[in-house]
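Notes follow once the structure below has been shown.
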Amino acid sequence: MEQSQQAETMADPQDMDAGKSPPGWRILLTEVLRDKVALFSLLLVVSIMMIVYLVPLFLSQEEIVRVDLFAIHEPPSSEFWLGTDYGGRDVFGQLIIGTRNSLTVGIGVTAVSGMIGIILGVVAGYFGNTVDNIIMRIVDFFFVLPTLLIVIVFIVIVPQYTVWSFIFIMSMFLWMGIARIIRSKALRERELDYIKASRTLGSSHLKIIFTQLMPNLSSIIIVTMTLNLAANIGIESGLSFLGFGFPEETPSLGTLISYATNPTTLEERWWIWVPASILILVLMLSINNVGQALRRAADAKQRRG
Amino acid sequence: MKKFVRQTAVTAGVVSMLTLAACGDEATETEESDDSGEDTAEETEDDDDEEDDGDDDDEEGTEVDEDEEVDVDDVDEDEVVSLDDFDQVREADESEVLEDGSLTAAIVSDSPFEGTLNWNFYHGTHDAQILSWFDEALLSWGDDFVYNQEGAATYEVSDDNLTYTFEIHEDVNWHDGEPVTAEDWEFAYEVIADPEYTGVRFGEDIMNVEGVMEYHEGEADEISGIEVIDDKTLEITFIEANPSIVTGGIWSYPLAKHIFEDMPVDEIESSSEVREEPIGFGPYVVEDIVPGESIQMSRNEDYWRGTPALEEATLQVVGPNVVANSLESGDVDYVESFPADQVVDTMDAENLEFLGVTDRAYTYIGFKLGEWDAEAGENVMNEDAKMADPALRQAMGKALDDEAVGENFYDGLRWDGTTLIPPSHPEFHNDEIEGHGYDPEEANALLDEAGYEDVTGDGFREDPDGDELVITFASMEGGDTAEPIAQYYMQAWEEVGLNVELLDGRLHEFNAFYDMVEEDDEDIDIYQGAWTVGIDVDPDSLYGRTSPANYSRYVSEENDELIERGLSDEAFDVEYREEVYNEWQEYMVEQTPVYPTVYRADIDAMNERVVNTAIGDGTGVYRYEIGVTEEEPVTN
Chain A
1 MEQSQQAETM ADPQDMDAGK SPPGWRILLT EVLRDKVALF SLLLVVSIMM IVYLVPLFLS
61 QEEIVRVDLF AIHEPPSSEF WLGTDYGGRD VFGQLIIGTR NSLTVGIGVT AVSGMIGIIL
121 GVVAGYFGNT VDNIIMRIVD FFFVLPTLLI VIVFIVIVPQ YTVWSFIFIM SMFLWMGIAR
181 IIRSKALRER ELDYIKASRT LGSSHLKIIF TQLMPNLSSI IIVTMTLNLA ANIGIESGLS
241 FLGFGFPEET PSLGTLISYA TNPTTLEERW WIWVPASILI LVLMLSINNV GQALRRAADA
301 KQRRG
Chain B
1 MKKFVRQTAV TAGVVSMLTL AACGDEATET EESDDSGEDT AEETEDDDDE EDDGDDDDEE
61 GTEVDEDEEV DVDDVDEDEV VSLDDFDQVR EADESEVLED GSLTAAIVSD SPFEGTLNWN
121 FYHGTHDAQI LSWFDEALLS WGDDFVYNQE GAATYEVSDD NLTYTFEIHE DVNWHDGEPV
181 TAEDWEFAYE VIADPEYTGV RFGEDIMNVE GVMEYHEGEA DEISGIEVID DKTLEITFIE
241 ANPSIVTGGI WSYPLAKHIF EDMPVDEIES SSEVREEPIG FGPYVVEDIV PGESIQMSRN
301 EDYWRGTPAL EEATLQVVGP NVVANSLESG DVDYVESFPA DQVVDTMDAE NLEFLGVTDR
361 AYTYIGFKLG EWDAEAGENV MNEDAKMADP ALRQAMGKAL DDEAVGENFY DGLRWDGTTL
421 IPPSHPEFHN DEIEGHGYDP EEANALLDEA GYEDVTGDGF REDPDGDELV ITFASMEGGD
481 TAEPIAQYYM QAWEEVGLNV ELLDGRLHEF NAFYDMVEED DEDIDIYQGA WTVGIDVDPD
541 SLYGRTSPAN YSRYVSEEND ELIERGLSDE AFDVEYREEV YNEWQEYMVE QTPVYPTVYR
601 ADIDAMNERV VNTAIGDGTG VYRYEIGVTE EEPVTN
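Structure follows, in structure tokens:
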């Protein structure tokens, strides 16, 4: 959701001009509010986010990842709400901080890759012809790359990586889809009369792009980014699960779940991996529900439009 | 050429020592962190297992010295076990053993086995595990690691301890029916000493044979020290007599001359007779190999010790994470080197049996004190090294609660390491030396005294010059415990005021780790490794001045002298040798160029129906005896 807010801000300047007709984001919002499942999902995501971003202010990550030899594999108790892992580390704390890290990466990657994708997509779609050709060939090139492999290799090579370098590396290879979608939409828009009129009246390209083209792309941008957010959280967790994500002193949902690759943990120590798995499931489903509602709204607008 | 030879030799020597028993360790590598160390660097891993692997087949004597050292017994927590709870041998009446039984043994590994299936060429512990089923050494050894007369060959020593005469049993034949001859044995030496030889066995023990160097350099057509007296009799003359010769100094794996004779030496390793249809004279014959995955074997009716108990045996690679489940469900019957951190979780299974023995290995923290001078072929200490002060090294050792690590991470199957000769060598391991124990207060006192004080008040000590002291710690990944243990060590050091950081902020993959340690990567101040020691206690290949595997690069004259005395003529007297090694152990505790953290148990796990097997050296139970008592694996 934060995501959409951000996208919103970008689109803002234009909204003032177009104030008369109901702005795109309001239609999206109405759609979400009307769909009870989506609304519930939205609330759930927002509250999870509040928890995972606020609670860590009172938790020390250092304390949580501190190995305690004498508390290995403790079951849930009043001291350790969700028990401890094989290093005697509190699973509840790891869950909270891990969710925060996974979400941060997901949001960060979505924002950065979205930014790149939108810029390239709009430029390609708006200018068309040679520019379009060049940019789309670049996109094709990136599409052909075995992205996941390259990300893994990067992560292995980069000596010290943090949440930020992680976001950067993943974003480098995840912007192409967005660029394509935006570009196809922009291509269609540029043929419409309002753009042509504006052009004839002598508006600059920048002005047209920001005040006229972008607002009309905003709904598709919001929808795409929301759905991407769910996928990106999944990618981070997946990499961590495989051992190519964060090091263990940076908790992550994927790391918690990967403990379940040990059959004994899988069978007997549910507290380590079940909560993390459920949380991922809930997060993904919720974000997806919201995204689907937004998509419906966007479609409706097009039909109307 | 000469230099190259020397290097190779040294390397090989080293390796051997370090090395790993093939059989045992492999599991480790995969799953437990430290272990990895041992399997480690491939170089290490393989070499000399000769002795080791052999064991399965060859040992005799009886067992069990191991328990004496296990400190774990005093611990009462229910989850903790000690080696006292494990037998070393599992025997059954012959009448109970099925005549046409078959079993499936697991090779615990995350990756495919390499498949260099010849003792003279193999590289990895997994290959060694496979080899031990279908091939064996001509000599076997007892629980004191000294060659005995129970193997496929017997031997006599001349009075000057220089000439050994071997007699191969009449009925020892290769799987294709050809007899194993003295020429095959000589051929093995010739191939290893050949300049084109591609394996890693060309080490000091081989070079100690008269005429090997001349042969290696092409100055002689044959090795003057090796003489074939008749088909089954061989005589080997050594250059220097030392007590190590009878504890692993003889290469006793013949190479089938009738098969490999016409092959260029550098092509043998890749030939199909090594890779696809390997030959041996062990209890089982290889029928079929699925490269990297599994091996099908059948009984060798012509086996010299007697008829092997099993009709068929299958070896297959099983991942460390699923091996416990596979065992419980009966998918596999027999697992050598079962992952230590899963033993307690698995022990309750009613259909499983476990055997255990003290592993010939230890895990340690090494302190980088210098570097390898390749030109001179020796280690050179750097007086300005960050870890140069022995007080600092001792304090770091005292800061660690190894006992707790062993109990909590390994359920008591690892325990506090004290000296550099592990308790698997009971005559030489001195259990009166207490090592550094766990004493953070004394660690603090030592550091204060040595001038490491917190001048800036940031909670971390500065070095005696008042400069910031950040110690870089390299450790390798592997298994569930690697990470928390490394974290624990850093916390423990932090508690005595030392700022220790992981190299690059993370654990390293095990080959990369060993490459860096070997190359004396400048960023590494300390590292955690593990190794398996050879059956011979001589520490030269791990701690000698000219050993490239002396990764801490520690050298001192006193150390040289002690090592030399341990190999002198007088050292044939075991008491004298014990004394020397006692002194050496004490000296190394004082100097602490490496700090042994934990000793380890080696555990085999098997289905209830598997009998007549043993773990460790000198048990008198041989591989051909292993059998099953029921048609199908027992399941719950």
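Chains A and B supply the protein sequences, listed in that same order.
For the first sequence, position 103 (counting from the first letter as 1) is numbered 103 according to full-length UniProt numbering, and the numbering increases by one without interruption.
For the second sequence, position 15 (counting from the first letter as 1) is numbered 15 according to full-length UniProt numbering, and the numbering increases by one without interruption.
Positions of the beta carbon are idealized from the N, C-alpha and C atoms, including for glycine.
key: Proximal residues to V52(A) (C-beta, below 7 Å), its chain only, five neighbours per side dropped   = I96, T99, R100, L103
inquiry  = Looking at the secondary structure, which residues open and close the alpha helix (DSSP H) in which R414(B) lies?
reply    = DSSP places R414(B) in no alpha helix (DSSP H) but in the uninterrupted beta strand (DSSP E) bounded by 414-416.
task = Just the C-alpha distance for G534(B) and T363(B), rounded to the nearest angstrom, thanks.
result = Computed Cα separation, rounded: 15 Å.
ask   = For chain A, is any of its Cβ atoms less than 9 Å away from the one on V108(B)?
value = no
key: Range of the contiguous beta strand (DSSP E) that encloses W372(B)   = W372(B) -> beta strand (DSSP E) spans 370-373.
query = Would you report the Cα separation of N288(A) and R183(A), rounded to the nearest angstrom?
reply = 23 Å
message = With a threshold of 9 Å between beta carbons, is P243(B) in contact with chain A?
response = no
query = Is the Cβ of Y527(B) closer than 9 Å to any Cβ of chain A?
reply = no
task = Use the C-beta contact count for M207(B): other C-beta atoms within 10 angstroms, 16 or more gives buried, fewer gives exposed.
result = buried
task = Report the residue from E590(B), F145(B), S272(B), I365(B) whose alpha carbon sits nearest the alpha carbon of M490(B).
result = I365(B)
Selection of the region 35-69 of chain A by Cβ proximity to chain B, strictly under 8 Å = Cβ contacts with chain B: V65, R66, V67, L69.
query = What are the residues of the region 396-410 of chain B that lie near chain A, defined by any Cβ-Cβ distance shorter than 9 Å?
reply = Residues D401, A404, V405, E407, N408, F409.
Residue 637(B), DSSP secondary structure in three states = Because chain B is modelled from 1 through 636, residue 637(B) falls outside the range shown and cannot be assessed.
inquiry  = Tell me whether the region 113-121 of chain B and the region 248-263 of chain B touch, counting them as touching only if at least three CB pairs, one residue from each stretch, are closer than 8 Å.
reply    = yes
task = With a cut-off of 8 Å on the beta carbons, I'd call A241(B) and L139(B) a contact; round off their distance for me.
result = Not quite, the Cβ-Cβ distance comes to about 18 Å (not below 8 Å), so this is no contact.
request  = Go through the region 233-273 of chain B residue by residue and report every complete run of the beta strand (DSSP E) that reaches 3 residues or more, in order.
outcome  = 233-237
ask   = P263(A) touches chain B at which residues, Cβ-Cβ below 8 Å?
value = N321, V322, A324, N325, listed in chain order.
request  = Let me know the beta strand (DSSP E) ranges lying completely inside the region 386-474 of chain B, each 3 residues or longer, listed in chain order.
outcome  = 414-416, 470-474, all fully within the region 386-474 of chain B.
key: Contact list for the region 219-251 of chain A against chain B, Cβ threshold 9 Å   = For the region 219-251 of chain A, which is checked against every Cβ of chain B, the residues closer than 9 Å are G243, P247, E248, E249.
ask   = For chain A, is any of its Cβ atoms less than 9 Å away from the one on D389(B)?
value = So no, D389(B) is outside the interface.
key: Distance CB(S552(B))-CB(V589(B)) smaller than 9 Å   = No. Outside cutoff.
request  = Assess, as a yes-or-no matter, whether the region 211-231 of chain A is touched by the region 54-70 of chain A under the definition of 3 or more beta carbon pairs within less than 8 Å.
outcome  = no
query = Beta-carbon separation of P308(B) and P278(B) under 9 Å?
reply = no
message = So, for E586(B): in the same chain, excluding its five sequence neighbours on each side, which residues have a beta-carbon less than 7 Å away from its beta-carbon?
response = I433
Own chain, CB closer than 7 Å to E167(B), minus 5 neighbours either side, in chain order = A153, T154, K232, T233
ask   = Among residues of its own chain, excluding the 5 on either side of M347(B), which ones have a beta-carbon nearer than 8 Å to its beta-carbon?
value = In chain order, V81, F354 place their CB closer than 8 Å to the CB of M347(B), counting only its own chain and leaving out the 5 sequence neighbours on each side.
Residue range of the unbroken alpha helix (DSSP H) whose run includes D560(B) = 557-566
query = Does the separation of the CB atoms of residue 642(B) and D602(B) fall below 9 Å?
reply = Coverage of chain B is limited to positions 1 through 636, which leaves residue 642(B) absent and any answer about it impossible.
First and last residue of the uninterrupted alpha helix (DSSP H) at M50(A) = 36-54
query = Helix, strand or coil for Q94(A) per DSSP?
reply = helix
inquiry  = So the candidates are S277(A), V46(A), N228(A), L283(A); which of them puts its Cα closest to the Cα of G108(A)?
reply    = N228(A)
inquiry  = For G459(B), would you say it is in contact with chain A, using Cβ-to-Cβ distances shorter than 9 Å as the test?
reply    = no
key: Short CB-CB distance (under 9 Å) between Y194(A) and chain B   = no
query = To the nearest whole angstrom, what separates the beta carbons of P243(B) and R577(B), a pair I think is in contact under 8 Å?
reply = 6 Å between Cβ atoms; contact.
query = Does the beta carbon of Q394(B) fall short of 8 Å from some heavy atom of the ligand PLP?
reply = Among the components modelled here there is no ligand, and therefore nothing to report on the ligand PLP.
key: Option in E558(B), L446(B), E494(B), A445(B) with minimal Cα separation from V471(B)   = Looking at the sequence itself, residue 471(B) is Ile, so the reference to Val does not match. Considering only E558(B), L446(B), E494(B), A445(B), the residue with the shortest C-alpha distance to I471(B) is E494(B).
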